[in-house]
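Single-structure report; data block below.
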Ligand code: SF4
Ligand code: SF4
Ligand code: FES
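Numbering (the working numbering), first residue to last: 18 to 252.
In structure tokens:
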């Protein structure tokens, strides 16, 4: 099968974006987009469909096992993990790779997602004492701990604008874990931030749940957080 791969490229944060189309032939339907990018970059004579030389494609990866979130990008218009997207899905052979739109581009498919980590810091999501092993809420803590901080949920959230007041799912999922690990008397500060930064802005459309590559039960964590922060049902 011959694949046509269109990539939205940008040399650096200040340069203009442009599209480049490459071609790759393989019968391996199990090959992931991550492996495809590694294979293309390993070709010293990489060229586009017109035979023009192509510079190395910038993208990020670490685990290649759906565990780190680094390889998140827009694949055929949807935020996905490159290491979890197989070429066999593209029946017409057309693959479009773009960086996330909500974050500043660093180069090609790499974006700066640091706003996500700043938001966690702003909520105060850290433990100052040893975490308690939650008797109640252990399953919530486990579910929340699966978050990859990939940012796919932020990319689709209609209410999330980087740098603005509402922090979205990449913040409320880890909040669920910390809330379940904190003793009741130490929850107040995080609960206040939660109401301001998440509860007030979330439209509960749950686009974040449908796109999450870790298939986290986001609705359940949202309901759990709201029960604790708004309805004062402490876990
Ligand atoms: S909640 Fe899901 S989509 Fe959002 S950052 Fe975590 S793993 Fe990624
Ligand atoms: S439920 Fe909707 S508004 Fe709330 S974080 Fe998810 S996508 Fe955004
Ligand atoms: S490289 Fe770690 S999730 Fe894809």
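Even for Gly, the Cβ is constructed at its ideal location relative to N, Cα and C.
So what does residue 32 bridge to, in DSSP terms?
For the purposes of this step, residue 32 is taken as the residue at position 15 of the chain shown. For residue 32, which the question treats as bridged, DSSP gives no partner whatsoever.
Return the CA-CA distance between residue 153 and residue 200, expressed in angstroms with no decimal places.
As a first step, residue 153 is located in the chain shown; it is residue number 136 there, counting from the start. As a first step, residue 200 is located in the chain shown; it is residue number 183 there, counting from the start. Distance between the alpha carbons of residue 153 and residue 200 is about 12 Å.
Taking the Cβ atom as the reference point for each residue, do residue 168 and residue 244 lie within a distance shorter than 7 Å?
By one-based count along the chain shown, residue 168 stands at place 151. By one-based count along the chain shown, residue 244 stands at place 227. In this structure, residue 244 does not lie closer than 7 Å to residue 168 by Cβ.
Counting Cβ pairs, one atom from each stretch, are 3 or more of them under 8 Å apart for the segment 176-191 and the segment 204-219?
yes
Beta carbon of residue 40, beta carbon of residue 24: below 7 Å?
Reading the chain shown from its first residue, position 23 is the one you call residue 40. Reading the chain shown from its first residue, position 7 is the one you call residue 24. Against a cut-off of 7 Å, the Cβ pair of residue 24 and residue 40 comes out as no contact.
Outcome for residue 248 when other beta-carbon atoms lying within 10 angstroms are tallied against a minimum of 16
One-based indexing of the chain shown puts residue 248 at position 231. Residue 248 should be labelled exposed.
Spatial neighbours of residue 143 within its chain, please: C-beta separation below 8 Å, excluding the five flanking residues on both sides.
The residue you call residue 143 lines up with position 126 of the chain shown. Cβ neighbours of residue 143 beyond the five flanking positions: 195.
For residue 133, name the three-state secondary structure that DSSP assigns.
Stepping through the chain shown from its first residue, residue 133 is reached at position 116. Residue state, collapsed to three classes: helix.
Assuming residue 56 contacts residue 19 under a Cβ cut-off of 8 Å, what Cβ separation, rounded to an integer in Å, is found between them?
Within the chain shown, numbered from 1, the residue matching residue 56 stands at position 39. Within the chain shown, numbered from 1, the residue matching residue 19 stands at position 2. With a Cβ gap of about 14 Å, residue 56 and residue 19 do not count as contacting.
When you compare each of 161, 139, 192 to residue 180 by their alpha carbons, which one comes out closest?
Here residue 180 refers to the residue found at position 163 when the chain shown is read from its first residue. Checking every option, the nearest Cα to that of residue 180 belongs to 139.
From the DSSP output, which residues share a beta bridge with residue 103?
Within the chain shown, residue 103 is the residue found at index 86, counting from 1. Residue 103 pairs with 49.
Are the CB atoms of residue 91 and residue 115 nearer to each other than 7 Å?
Working through the chain shown from its first residue, we reach residue 91 at position 74. Working through the chain shown from its first residue, we reach residue 115 at position 98. For residue 91 and residue 115, yes; Cβs fall inside 7 Å.
Counting beta carbon pairs with one atom in the segment 25-33 and one in the segment 120-136, are three or more of them shorter than 8 Å?
yes
Roughly how many angstroms separate the alpha carbons of residue 182 and residue 99, rounded to a whole number?
Taking the first residue of the chain shown as position 1, residue 182 is located at position 165. Taking the first residue of the chain shown as position 1, residue 99 is located at position 82. If you take the alpha carbons of residue 182 and residue 99, they lie about 30 Å apart.
If we count Cβ pairs, one from each stretch, closer than 8 Å, do we get three or more for the segment 230-237 versus the segment 156-174?
yes
Suppose contacts are defined by Cβ-Cβ distances below 7 Å. Is residue 207 in contact with residue 141 by that definition?
Translated into positions along the chain shown, residue 207 becomes position 190. Translated into positions along the chain shown, residue 141 becomes position 124. For residue 207 and residue 141, yes; Cβs fall inside 7 Å.
Should residue 230 go down as buried or exposed, given a rule of 16 or more other Cβ atoms within 10 Å for buried?
In the chain shown, the residue the question calls residue 230 occupies position 213. Answer is buried; the Cβ neighbour count reaches 16.
Residue 130 and residue 120: beta carbons closer than 7 Å?
Sequence index remark: in the chain shown, residue 130 carries index 113 (1-based). Sequence index remark: in the chain shown, residue 120 carries index 103 (1-based). For residue 130 and residue 120, yes; Cβs fall inside 7 Å.
What first and last residue would you give for the beta strand (DSSP E) that runs through residue 26?
What you label residue 26 is simply residue 9 of the chain shown in a count that begins at 1. Residues 19-26.
Residue range of the beta strand (DSSP E) that residue 115 falls in?
To locate residue 115, count along the chain shown from 1; it is residue 98. Here the beta strand (DSSP E) through residue 115 covers 111-115.
Which stretch, first to last residue, makes up the alpha helix (DSSP H) that contains residue 122?
Residue mapping note: residue 122 aligns to position 105 of the chain shown, counting from 1. Careful: residue 122 lies outside any alpha helix (DSSP H), inside the beta strand (DSSP E) at 122-124.
Quick one: measure Cβ to Cβ for residue 49 and residue 84, integer angstroms, because I've assumed they're closer than 8 Å.
By 1-based counting over the chain shown, the position of residue 49 is 32. By 1-based counting over the chain shown, the position of residue 84 is 67. Not quite, the Cβ-Cβ distance comes to about 14 Å (not below 8 Å), so this is no contact.
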